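Convert by adding 645 to the 1-based position in the sequence shown; the result is the number in our numbering.
Glycine included, each C-beta is placed from N, C-alpha and C at the ideal position.
In this text, all values refer to a predicted model and were calculated from it rather than measured experimentally.
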Amino acid sequence: MFHYFKRAVLDILSNRFLNVITIVTIALSILVVSTFVLFFENTSRVIDSWNQGFRLVAYLGESFTPSMLPKLTAKIQAMAEAGEIRFIPKEEGLALLKQEMKNRSAFLETLEENPLPHVLEIRMKRTGLEWDEITAFAKTVEQLPQVTDVEYGQQWLGRFLSLFNLFRVTGYAMSSLFFLIALFITANTVRLALYSRRQEVEIMRLVGATDRFIITPFYIQGLIQGTLGGIVGLSILLIIFLVISLNLQESAASYMLFDIQFLSVKYWVIIIFGSAFLGWLGCYLSLKQFIKY
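Have a look at this one:
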């Protein structure tokens, strides 16, 4: 095996230009793929944090009285999606509003009566944030007696999930495109290397060398190219991530709602193995046209 590895390294060094282009192409492909993976991983963490405390606010009508509360909460608790329910009287709601507005709450003191309604704060029990489930649950709650309206951030949350799905489709398309480009360039690099050594290959065959002996260094070369491309691509992404993170921490640390984290070790391993497989597959597709097993 050491002999095969040595031959693969020597071939890479003897064709530096082609191999550098291949490694750079794989690195760019991995950079694009890992960028989308990084986005999805951090976005998933945000969604998971929302799932832990996602809530709906049900506004109750003017005819509602506290004596109706047990019957109303019993109907809501009978729903599979409903978790903890908290009743907020309009007096408490006004006090909370004054506390949040602090110095800007002077005009509230001039009110002759409390304009706020009674409120039910309902936390969802399920951990999966499915937009259709949330919408269906909100509509069911809104149809209950004494409930006049339900608020759950439907406008901005719907837009966010639509944007998230758009990025996901874009990520799949871009990743597939760069994968095919890297695969094409890798296959052609091996094809050119094999073509430049065709006389050597013919001589090796004449002296009795097996196909395995001839092609194994090319497979090792593809694995090396893929592995180096994966490491370079992830390294570039890490540098970009660190630069952006430092700038964000210095300029807008107080506005960050959550900490952005880099890819975990699990994703490093998966991406590098996938990149190595990409290099191997390119060699396989190229060698398959020249050598019949």
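Residue i, enclosing alpha helix (DSSP H) - first and last residue
i    : result
T599 : Residue 599 cannot be examined here, being either before or after the span of the chain that is shown, 646 to 938.
L789 : Unbroken run through L789: none, as it is neither H nor E.
Residues near residue i in its chain [Cβ-Cβ closer than 8 Å; skip 5 each side]
i    : result
D794 : A703, Y704, E787
I869 : A653, V654, I657, G924
F824 : S674, V678, L923
K911 : none
S890 : I905
N- and C-terminal bounds of the beta strand (DSSP E) containing residue i
i    : result
L701 : 700-705
F907 : Per DSSP, F907 belongs to no beta strand (DSSP E) and is neither H nor E.
L717 : No beta strand (DSSP E) contains L717, which is instead part of the alpha helix (DSSP H) from 714-722.
F590 : Because the chain in this structure spans residues 646 to 938, residue 590 falls outside the shown range and cannot be described.
L765 : 764-769
Whether residue i touches residue j by CB criterion (9 Å)
i    : j    : result
T861 : L926 : no
F812 : F907 : no
C928 : Q866 : yes
L839 : L932 : yes
S820 : F650 : no
L592 : I905 : For residue 592 there is no data in the structure shown, the boundaries of the chain being 646 and 938.
M724 : T667 : no
R700 : R768 : yes
I881 : L676 : yes
L789 : K720 : yes
G871 : A818 : no
T834 : N660 : yes
K770 : G816 : no
Y797 : I826 : no
Same chain, Cβ closer than 7 Å to residue i, neighbours up to 5 away in sequence not counted
i    : result
Y938 : For Y938, the predicted structure reports a pLDDT of 43, less than 50, and the residue's modelled location is therefore unreliable. The matter cannot be settled from this model.
L837 : L663
G738 : L761, V764
L714 : F732
Y864 : W925, C928
V665 : none
F809 : T688
Cβ-based neighbour list, residue i, same chain, cut-off 6 Å, excluding 5 preceding and 5 following
i    : result
F782 : E726
T710 : none
R731 : E766
F886 : F907
G706 : Q791, T793
Interface flag, residue i vs chain D, CB-CB below 9 Å
i    : result
E726 : The chain inventory of the structure shown lacks chain D, comprising one protein chain alone.
**OP:** Flag this pair as touching only if the segment 658-678 and the segment 869-879 have three or more C-beta atom pairs under 8 Å; answer yes or no.
**Re:** Judged by pairs of C-beta atoms under 8 Å, the segment 658-678 touches the segment 869-879, as three or more such pairs exist.
Original post:
What are the start and end residues of each continuous alpha helix (DSSP H) run of 4 or more residues lying completely inside the segment 816-853, in chain order?
Top reply: Complete alpha helix (DSSP H) runs here, min 4: 843-851.
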